[in-house]
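Here the structure is laid out as structure tokens; the discussion comes afterwards.
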Amino acid sequence: MTPRKASEAPTRIAPLPNLPLFHRIVGRKALVVGASDGARWKAELIAAAGADVTHLERHWTPANLEGAALAVADLADRDEALRFVAAAHSSGVPVNIIDQTDLCDVTFGTIVNRSPVVIGISTDGAAPVLGQSIRSRIESVLPLGLAEWARAAKAWRPALKRRVAEFAHRRRFWQRFALAAWADPDRTPVAADFEALLESAPEVPGSVTLVGAGPGDPELLTLKAVRALQSATVILYDELVGPEVLELARREARRIAVGKKGHGPSCSQRDINRQIVELAEAGETVVRLKGGDPLVFGRATEEIDACKVAGVPVSIVPGISAAQGAAAALGISLTERRWARRIQFVTGHGADGRLPADIDWGAIADKAATTVLYMPRRTFPEFVRKALAKGLNADTPAVAIASATLPTQTRSAAPLHSIVEAAAELPDGAPVLVIIGWIARDLVAPTAAIIPFEQALAS
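FYI, UniProt numbering numbers position 430 of the sequence shown as 430, with every residue one higher than the one before it.
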């Protein structure tokens with residue numbers, strides 16, 4: 001075979017600034033020089049990997065480097081640092097000079113430690129604080145209990161190889177193992193789990209989890225929601241779920257769009273119910289991903305009932321509701337103990353697509369309530385007309401917000417008597433929510449037509 005130059009090799013990965021490696025140094029000699037906190041931390045870190053560490057706070061000689069597997073130094077004097085590097089290279093020792101990356105053969109990344117699961121993060125020295133932020137993100141979604149599952153995997157591997165000859169069968173075992181670990185990460189696996197996973201039948205049973213994707217900003221997902229996404233084999237997602245949220249799911253998961261649109265082709269609720277049940281019955285770990293909170297105007301009851309009738313295990317991960325997200329994005333509270341003592345969520349889109357006929361207009365006219373109107377696009381003018389006719393003060397502040405919590409968020413605020421015209425300026429196609437009540441008074445520009453809310457409450 002004719003050897004290829006690296007430049008001629010097939011490209012299956014983007015260029016790397018460094019080669020990420022995990023270096024086994026158990027029982028080997030390592031030298032750390034320096035009196036700083038950074039040097040002390042490096043000595044602790046290297047010792048944690050099992051090395052025999054010599055830590056010299058001040059003076060060193062080339063003889064200290066003989067036989068070392070790694071040398072680290074924190075030397076402010078550039079000339080001394082260069083001498084240390086030269087001595088290390090003369091002894092064939094890879095070297096790290098703290099905070100002088102141009103002199104380093106190796107660098108230390110930020111670490112997530114779930115030993116034996118260890119994740120190293122590098123920014124090539126460009127942004128250590130960013131690396132620490134990435135570590136925090138990973139730690140938040142990586143349960144501590146996964147360490148126990150990883151230790152069990154290490155212990156079980158020889159027995160599995162003895163009992164299962166076929167590589168493909170062993171791979172299927174580890175796939176079942178991974179699903180079990182993510183499904184119950186905080187439980188320590190025992191020998192009975194090994195035997196259960198070893199059985200080829202029955203396969204891991206299917207399940208359905210209804211997951212709230214929050215109001216739009218992916219950072220508003222709960223940790224439990226992210227874990228569910230990373231455990232799923234199939235994800236059925238709504239129109240309101242953005243690609244940034246789907247990016248948090250495991251790469252191998254199949255994604256099925258089941259969004260229902262007000263106009264144009266839509267997936268019926270009956271079809272969605274059928275799909276989630278059939279997929280679960282086929283052994284899939286199904287996540288039904290819904291915008292906001294699935295329990296607020298998310299048709300959750302219909303999907304829960306479909307699973308229960310079919311005998312499919314179903315669980316729920318609530319999300320931050322659209323109302324909560326919108327209020328936070330607007331910088332307002334939904335309640336106030338003096339003049340917003342009640343919240344009411346109302347849908348503007350009934351089963352037939354019209355304004356529901358059974359809205360309690362007396363409750364809507366309550367001047368001490370905050371009303372949040374969901375899905376108001378087609379019926380908002382009618383809603384406002386009826387609310388005014390039933391006694392809601394025409395000067396009640398109102399705000400319509402589109403794409404709440406997203407970078408494309410826009411809003412229109414006005415007194416109730418002119419909010420319909422103001423809301424018409426919002427972008428077409430964007431999800432809209434309307435908040436009505438004196439809680440929104442500071443969002444409405446003062447005009448002669450708006451009376452003080454204290455006066456309105458007294459009237």
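The beta-carbon is built from N, C-alpha and C at its ideal position, and this holds for glycine as well.
Beta-carbon separation (whole angstroms), residue i vs residue j, contact threshold 8 Å
i	j	result
V432	A402	5 Å
D217	L406	6 Å
P356	T370	The pair is not a contact, with the Cβ atoms about 19 Å apart (cut-off 8 Å).
W182	R227	7 Å
R288	V211	7 Å
A387	I419	The Cβ separation is near 10 Å, so there is no contact.
A282	G437	So it is not a contact: roughly 47 Å between Cβ atoms.
G319	V241	Not confirmed; about 11 Å, so no contact.
A88	L56	At roughly 14 Å, the Cβ-Cβ gap does not stay under 8 Å, so A88 and L56 are not in contact.
C104	V93	About 13 Å; that fails the 8 Å criterion.
R58	A86	About 19 Å separates the two Cβ atoms, so there is no contact after all.
Buried or exposed by the 16-neighbour rule on C-beta atoms within 10 Å, applied to residue i
i	result
A201	With a pLDDT of only 47 at A201, under the threshold of 50, the placement of this residue in the model should not be trusted; the figure read from the coordinates follows. Classification of A201: exposed, given that the 10 Å Cβ count is below 16.
residue 472	Because residue 472 is not part of the residues shown, which for the chain are 1 to 459, the question remains open.
E425	exposed
P15	exposed
G67	exposed
L31	buried
G391	exposed
A102	A quick correction: the sequence has Asp, not Ala, at residue 102. It counts as exposed.
V258	buried
S268	exposed
G50	exposed
D74	buried
S133	exposed
residue 486	In the structure as shown, the chain starts at 1 and stops at 459, and residue 486 therefore has no counterpart that could be examined.
S321	buried
T110	buried
K308	exposed
L21	exposed
P189	buried
Beta-carbon contacts of residue i that lie in its chain and below 8 Å, excluding the five residues immediately before and after
i	result
F256	A quick correction: the sequence has Ile, not Phe, at residue 256. Excluding sequence neighbours, I256 sits near V234, I235, L236, Y237 and Q275.
H263	Model confidence at H263 stands at a pLDDT of 49, short of 50, so the residue's coordinates are unreliable; what they give is reported in the following sentence. Excluding positions up to five away in sequence, the list is empty.
A153	W174 and F177
R170	L160, K161 and V164
L416	V384, A387, L388, L392, N393, A394, D395, T396, P397, A398 and I436
Chain-order list of residues whose beta-carbon lies under 6 Å from that of residue i (same chain, five-residue window excluded)
i	result
E284	G206, T233 and V234
R250	Q230
S315	T209
V286	V208, V234, I276, L279 and A280
A150	P116 and V117
S91	L65 and E66
R254	V234
Own chain, CB closer than 7 Å to residue i, minus 5 neighbours either side, in chain order
i	result
I359	V346
A440	I332, P397, A398, V399 and A413
D186	P143 and G145
E454	With a pLDDT of only 48 at E454, under 50, the local geometry of the prediction cannot be trusted, and the value read off the model is given with reservation. So no residue of the chain qualifies.
G38	D74 and I98
P139	Residue identity differs from the one stated: residue 139 is Glu in this sequence, not Pro. Once the five neighbours on either side are set aside, the close Cβ partners of E139 are V112.
I450	Reliability of the predicted coordinates at I450 is poor, the pLDDT of 41 falling under 50, and no value is obtained from them.
Worksheet item: Considering only residues of the region 213-243, which uninterrupted alpha helix (DSSP H) runs meet the minimum length of 4 residues and lie entirely inside it, listed in chain order?
Response: 223-231
Discussion item. Is it the case that the region 77-84 contacts the region 115-124, given that we only count it when at least three CB pairs across the two stretches are under 8 Å?
Written reply: no
Worksheet item: If we count Cβ pairs, one from each stretch, closer than 8 Å, do we get three or more for the region 300-311 versus the region 327-334?
Response: no
Worksheet entry | Meets three-Cβ-pair contact criterion under 8 Å: the region 357-376 and the region 404-421 | no
Worksheet item: Which runs of the beta strand (DSSP E) spanning at least 3 residues fall entirely within the region 108-171, listed in chain order?
Response: 110-114 and 117-121
Discussion item. At 4 residues or longer, what runs of the alpha helix (DSSP H) sit wholly inside the region 267-307?
Written reply: 269-281
Worksheet entry | Whole runs of the alpha helix (DSSP H) within the region 6-87, excluding any shorter than 4 residues | 37-48
Item to complete: Take every Cβ of the region 156-163, pair it with every Cβ of the region 125-143, and state whether three or more of those distances are shorter than 8 Å.
Response: no
Discussion item. Ignoring anything shorter than 4 residues, give me the alpha helix (DSSP H) runs that lie fully in the region 337-419, in order along the chain.
Written reply: 361-364 and 380-389
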